[in-house]
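In UniProt numbering, the protein residues as written are 1 to 212. Ideal Cβ positions, reconstructed from N, Cα and C, are used throughout, including at glycine. Fair warning: this is a prediction, and the values are worked out from it, not measured in the lab.
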């Protein structure tokens, strides 16, 4: 029985038997589409496994994931590039196009490059928490749904509320416990948060007919 070895990359564990495009899904913020983009950017073939990565390939992958905006972008396309200034002629056949060399060209600008704006792990989580806090502060419907642990993308509150209350639950920092006589502990975070929301709605002229 072969022992399973792993590769540690930026704190994530990548099993060596997995394809690189599948192993990249271990990073928070990378889906199948983004993984395919990363594979194309680094010019890794589609069936490359983690165990087959060379040292330069690991270094380039680590550099891209650790700092996507500053990662080196290839100047040579994966397919033959024909400049628009070339004289108009019939489309070259497969035999002629395969014999032509790849013409270097300038990479796209950073603003047009989706990999350059890629956020992963804690950076993405921090941005998500900031967006949720912003919606809750300005009193939007999405912010109110987040505060009450309800779905935020238009789903039904009754049927989808059970899943949303598990995934969209309020951050623990909003909860506080107080010990009363007889070592009895009570939770006061949700009640205080609802009072805060009702005060925010009343200041904005919104209806506060909900009961605590």
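By the Cβ rule, the segment 49-61 does not count as touching the segment 139-157, because fewer than three pairs are nearer than 8 Å.
Under the DSSP definition of a beta bridge, residue 131 lacks any partner. Judged by pairs of C-beta atoms under 8 Å, the segment 56-66 does not touch the segment 152-162, as fewer than three such pairs exist. DSSP places residue 140 in the coil class of the three-state scheme, outside both helix and strand. Among the bridge pairs identified by DSSP, residue 12 is matched with 9. Under the three-state reduction of DSSP, residue 49 is assigned to strand.
Counted as a single uninterrupted DSSP element, the alpha helix (DSSP H) harbouring residue 57 occupies residues 55-66.
Under the three-state reduction of DSSP output, residue 24 falls in the helix class. Just so you know, the alpha carbons of residue 129 and residue 136 end up roughly 11 Å apart. Each residue's CA atom was taken as its position, placing residue 57 and residue 131 some 35 Å apart. In this structure, residue 149 lies away from residue 133, with their beta-carbon atoms at least 7 Å apart. Per DSSP, residue 30 lies in no alpha helix (DSSP H) and is assigned neither H nor E. Rounded to the nearest whole angstrom, the CA to CA distance from residue 166 to residue 124 is 20 Å.
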